[in-house]
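Just so you know, the sequence shown maps onto residues 1 to 121 in the working numbering.
Every residue, glycine too, gets a C-beta built ideally from N, C-alpha and C.
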Amino acid sequence: LNPLDRRCPEWNIFKEVRRDSDFDSIAAAFIPMDSSRSSDPFWIRAARGVFAAIASRLYSQGHCHYDQLQHWLFHSDLEQLASFLEGSDVQSIIDARSPKTSLSVVSVLRTYVRALRILPP
1 LNPLDRRCPE WNIFKEVRRD SDFDSIAAAF IPMDSSRSSD PFWIRAARGV FAAIASRLYS
61 QGHCHYDQLQ HWLFHSDLEQ LASFLEGSDV QSIIDARSPK TSLSVVSVLR TYVRALRILP
121 P
């Protein structure tokens, strides 16, 4: 699959989902745990959780297109993202009242999922 080659079939991660836990598997594929580093696994786990929560929320709302996923991953500010994820299991991670931690998690997330920016909406 090459999203830059028009001859390749379109791929949509939302079509891979059969149950909500599939978003956790997709997040783990995009954001692998790096065992070679001695860094705190919290950051990877939190980034995975936020990705899964965003994708799951979009899926449940019927917004299964990359333009929406790209918006929430790359173009939303912290307050917008916190509002979007309110009531989810990552609500305490993405919290506008604790911006330092929240922005660090978002930074880790964006680092790992950068390739999603080139997918067509």
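Beta carbon of GLY49 nearer than 8 angstroms to that of VAL90: yes
So, under 8 angstroms CB-CB, LEU81 and ILE94 are touching, yes? Tell me the CB distance rounded to an integer number of Å. 5 angstroms
Determine whether the beta carbon atoms of ILE13 and TYR112 lie at a separation below 8 angstroms. no
Between GLU86 and GLU79, what straight-line distance do the alpha-carbon atoms span, to the nearest angstrom? 10 angstroms
Quick check on LEU109: buried or exposed, where buried means 16 or more other Cβ atoms within 10 Å of its Cβ? buried
Does the distance between the C-beta of ASP67 and the nearest non-hydrogen atom of the ligand SAH fall short of 7 angstroms? The ligand SAH is not part of the structure shown, which contains no ligands of any sort.
Within its chain, find whatever has a CB closer than 8 angstroms to the CB of VAL105; leave out the 5 residues flanking it on each side and keep chain order. TRP43, ALA46, ALA47, VAL50, ILE93, ILE94
Are LEU58 and LEU116 closer than 8 angstroms when you measure CB to CB? no
Using C-beta distances below 7 angstroms, list every residue in its chain close to ASP67, excluding the 5 sequence neighbours before and after it, in chain order. PRO121
Thinking PHE23 and ALA52 are a contact (beta carbons under 8 angstroms), I'd like their distance in whole angstroms, please. 4 angstroms
Among residues of its own chain, excluding the 5 on either side of VAL17, which ones have a beta-carbon nearer than 7 angstroms to its beta-carbon? PHE23, TYR59
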